[in-house]
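This note's numbering puts the last residue of the sequence shown at 906; the count rises by one with no breaks.
What follows is a short report on a single structure.
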Amino acid sequence: MKLLVTGGAGFIGSNFILHVLETVSGARVINLDALTYAGNLENLAAVENDSRHQFVKMDIRDREAVARLCVAEKPDAVVNFAAESHVDRSIDGPEVFAQTNVLGTLSLLEATRKAGTGVFLQVSTDEVYGTLGAGGSFSETSPIQPNSPYAASKAGADQFVRAYHHTHGMDTRITRCSNNYGPYQFPEKLIPLMITNAMEGRGLPVYGDGLHVRDWIYVTDHCRAILAVLEKGAAGEVYNIGGVHELPNIEVVRTIVRAAGADESLIEFVKDRPGHDRRYAIDSSKARRELGWEPRVGFSEGIGRTLAWYQANRRWWERIKSSEYRDYYEKMYGNRL
Ligand SMILES: NC(=O)c1ccc[n+]([C@@H]2O[C@H](COP(=O)([O-])OP(=O)(O)OC[C@H]3O[C@@H](n4cnc5c(N)ncnc54)[C@H](O)[C@@H]3O)[C@@H](O)[C@H]2O)c1
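Here it is in structure tokens:
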């Protein structure tokens, strides 16, 4: 299996590449990434000299370069992780979200259509469904009602992917996953931000009343689901992927505080994010039924593994938090980093 993985130097993409090379015999990966602030080749140090992994620095919006690469390499499948992925940033600067997430996906679809690539797997998010009240969960047929500029750009990409299946008969597949956590996650996201701040004895900023509910999935379970969709999924289908660990943010933060042996007084409630979705919950029974997939890592085990990784890889996140990202963080979170 020869895969073209885009965004493979980011959080989930790098975990996916490491997982594929570890578990799929005969796999080869071409990793296309523009190395934005979120891309980090240190994530792939373990496969730096592995001939099964080839890194190409490229922007998915560069239509000609992407098309040339697809024709030259003829991958069996494209797995598109490349995206602007942080909701807060999409509120501040939505244009790049439309450009990368919508137009970048379109550029990849065109390139793979012309090159006759087998499967086009779009890694999407449960955020395209909008928000839920206290009950119920999103199924694959729930209406697409994105509430943040990030979610709107991912929804736009999904609609192009769907249209390329219907118009051109391409074998496109979409996964919509809930919130991931695990090693190599950029410390602007909730769990690594709380872990690293707790380790440094800094404040733990929680939006609003902390009762926003998310369904958390350990990143390797998401990677296993993507592989299952590649191997057993059907053309034109959408698969919801969830961890079945619905928790309010404040509970997530308290779990981290306890696991890290930090003090609860570090928790600070800060002004809520505009348009903050109240609750996401995902019904992943279709993936369980049709792909035989289910999550394996429970939340407390996953948090334990994640905390251990951030403790063992201090240099990785300290460099990020202390360098060029500092201005951005300070603007977003004051001096809490
Ligand atoms: N993190 C989550 O909880 C989650 C949940 C569901 C779905 N997703 C989706 O999974 C994908 C990966 O998310 P992540 O958290 O790993 O994101 P990330 O921000 O950690 O990584 C994104 C990667 O894409 C690359 N990239 C950005 N713009 C690019 C461009 N124009 N051309 C080429 N590469 C570019 C970056 O350099 C980076 O390596 C995204 O599509 C995201 O929408 C994420």
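Every residue gets a Cβ at the ideal spot worked out from N, C-alpha and C, and that includes glycine.
Remember, predicted model here, so these are calculated numbers, not experimental data.
Q: Give the DSSP bridge partners of Val839, in chain order.
A: Along the sequence shown, one-based indexing puts residue 839 at 270. Note: Val839 sits in a beta bridge opposite Tyr776.
Exercise for the section: Given a cut-off of 8 Å, decide if Ile629 and Leu690 are closer than it, judged by their beta-carbon atoms. Expected result: As a working mapping, residue 690 is identified with position 121 in the sequence shown. As a working mapping, residue 629 is identified with position 60 in the sequence shown. Contact: no.
Worksheet entry | Inside the stretch 612-692 only - alpha helix (DSSP H) runs reaching at least 4 residues | 632-642, 656-661 and 674-684
Self-check item: Rounded straight-line distance, which links the Cα of Val697 to that of Glu709
Solution: Within the sequence shown, residue 709 is the residue found at index 140, counting from 1. Within the sequence shown, residue 697 is the residue found at index 128, counting from 1. Each residue's Cα considered, the two are about 11 Å apart.
Review point. When DSSP labels each residue in this structure, what does Tyr787 get in the three-state scheme?
Key: Within the sequence shown, residue 787 is the residue found at index 218, counting from 1. Tyr787 falls in the strand class under three-state DSSP.
| query | Taking the C-alpha atoms as reference points, what is the distance between Glu913 and Ser854? | reply | In this structure the chain extends from 570 to 906, so residue 913 is not present and cannot be described.
Exercise. Which value, in whole angstroms, describes the spacing of the CA atoms of Glu800 and Leu638?
Worked result: By one-based count along the sequence shown, residue 800 stands at place 231. By one-based count along the sequence shown, residue 638 stands at place 69. Looking at the two C-alpha atoms, the distance is approximately 23 Å.
If we ignore side chains and look at the alpha-carbon of each, how far apart do Asp778 and Asp841 end up?
Sequence index remark: in the sequence shown, residue 778 carries index 209 (1-based). Sequence index remark: in the sequence shown, residue 841 carries index 272 (1-based). Each residue's alpha carbon lies about 8 Å from the other.
Check your understanding: For Arg905, which residues from the same chain have a beta carbon less than 6 Å from its beta carbon, with the 5 sequence-adjacent residues on both sides left out?
Key -> Your numbering for residue 905 matches position 336 in the sequence shown. Caution is warranted here: a pLDDT of 44 is assigned to Arg905, below 50, making its placement in the model unreliable, and no coordinate value can be reported.
Is the beta carbon of Asn809 within less than 7 Å of some heavy atom of ligand 1?
If you number the sequence shown from 1, residue 809 lands on position 240. It does not: the Cβ of Asn809 is nowhere closer than 7 Å to a heavy atom of ligand 1.
Less than 8 Å between the CB atoms is what I'm expecting for Phe650 and Gly725, so what's the real figure, rounded?
The residue you call residue 650 lines up with position 81 of the sequence shown. The residue you call residue 725 lines up with position 156 of the sequence shown. With 8 Å as the limit, Phe650 and Gly725 do not qualify as a contact, their Cβ atoms being about 17 Å apart.
Closer than 7 Å: Ser869 CB and nearest ligand 1 heavy atom:
As a position in the sequence shown, residue 869 is number 300, starting the count at 1. Incorrect: Ser869 has no Cβ contact closer than 7 Å to ligand 1.
In the DSSP assignment, the alpha helix (DSSP H) including Glu870 goes from what residue to what residue?
Along the sequence shown, read from residue 1 onward, the residue named residue 870 stands at position 301. Glu870 -> alpha helix (DSSP H) spans Phe868 to Ala881.
Where Ala720 falls, given that 16 or more other Cβ within 10 Å makes a residue buried: Taking the first residue of the sequence shown as 1, we reach residue 720 at position 151. The residue in question, Ala720, is buried, as its Cβ has 16 or more Cβ neighbours within 10 Å.
Is the CB-CB distance between Tyr733 and Gly871 below 8 Å? On the sequence shown, residue 733 is found 164 positions in, with the first residue counted as 1. On the sequence shown, residue 871 is found 302 positions in, with the first residue counted as 1. Result no, Cβ atoms of Tyr733 and Gly871 do not sit closer than 8 Å.
Practice task
Report buried or exposed for Lys623, applying the criterion of at least 16 other Cβ atoms within 10 angstroms of its Cβ.
Solution key: Position 54 of the sequence shown, counted from the start, is the residue given in the question as residue 623. Per the sequence shown, the amino acid found at residue 623 is Gln instead of Lys. Gln623 is exposed by the Cβ-count criterion.
Using only the heavy atoms of ligand 1, determine whether one of them is closer than 7 Å to the beta carbon of Asp841. If you number the sequence shown from 1, residue 841 lands on position 272. Result no, Cβ not under 7 Å from ligand 1.
Taking the beta strand (DSSP E) that Val807 belongs to, which residues open and close that run? Taking the sequence shown and counting its residues from 1, the one referred to as residue 807 is at position 238. Residues Val807 to Ile810.
(message) As a quick exercise: from His845, Ala636 and His588, pick the residue whose alpha carbon is nearest that of Tyr660.
(response) One-based indexing of the sequence shown puts residue 660 at position 91. Residue identity check: residue 660 is Ile in the sequence provided, not Tyr. The candidate whose alpha carbon is nearest that of Ile660 is His845.
Using only the heavy atoms of ligand 1, determine whether one of them is closer than 7 Å to the beta carbon of Val523. Nothing in the structure corresponds to residue 523, since the chain is present only between 570 and 906.
Practice item. Could you check if Gly802 is buried or exposed, using at least 16 other CB atoms within 10 Å of its CB as the buried criterion? Key: Along the sequence shown, read from residue 1 onward, the residue named residue 802 stands at position 233. Under this definition Gly802 is a buried residue.
Given 7 Å as the limit, tell me if Arg630 has its C-beta closer than that to any heavy atom belonging to ligand 1. Taking the sequence shown and counting its residues from 1, the one referred to as residue 630 is at position 61. Because some heavy atom of ligand 1 lies under 7 Å away, the Cβ of Arg630 counts as near it: yes.
Grab the span of the beta strand (DSSP E) containing Asp727 for me, first residue to last. As a working note, residue 727 is residue 158 in the sequence shown. Careful: Asp727 lies outside any beta strand (DSSP E), inside the alpha helix (DSSP H) at Pro718 to His737.
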